[in-house]
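Take the sequence shown: its position 14, counting from 1, is numbered 14 in full-length UniProt numbering, and each next residue is one higher.
The beta-carbon is built from N, C-alpha and C at its ideal position, and this holds for glycine as well.
These numbers were taken from a predicted model, which means no experiment stands behind them.
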Amino acid sequence: FEDDQVTWFVEGKEITESDEKHQITVDGDTRQLIIRDVVPGGPSDYSVKLGDFETHTKLVIDDTPVEFT
Numbered sequence: 001f002e003d004d005q006v007t008w009f010v011e012g013k014e015i016t017e018s019d020e021k022h023q024i025t026v027d028g029d030t031r032q033l034i035i036r037d038v039v040p041g042g043p044s045d046y047s048v049k050l051g052d053f054e055t056h057t058k059l060v061i062d063d064t065p066v067e068f069t
């Protein structure tokens, strides 16, 4: 898989290398999407495509305040 093209999407729009909110990393056959500055109510529908294979996920942010006792 090292030379295969992986394409990432947020809300159906392709994420590019120039996207400041996302960082795409490649290490051998491992691909990662790093999402920066995550906030409640932000984009939540992410997908990745490799050839004919595609998968989707929904990012859920729980902003429940932490309570110390």
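- Selection V48, W8, D63 evaluated against G41 yields D63 as nearest (Cα-Cα).
- Here K21 carries a coil assignment [DSSP, helix/strand/coil].
- Y46 and F68 have their C-alpha atoms roughly 33 angstroms apart.
- Counting only the Cα atoms, V6 lies some 11 angstroms from D52.
- A distance below 8 angstroms between beta-carbons, with the five flanking residues on each side excluded, links V60 to the following residues of its chain, in chain order: S44.
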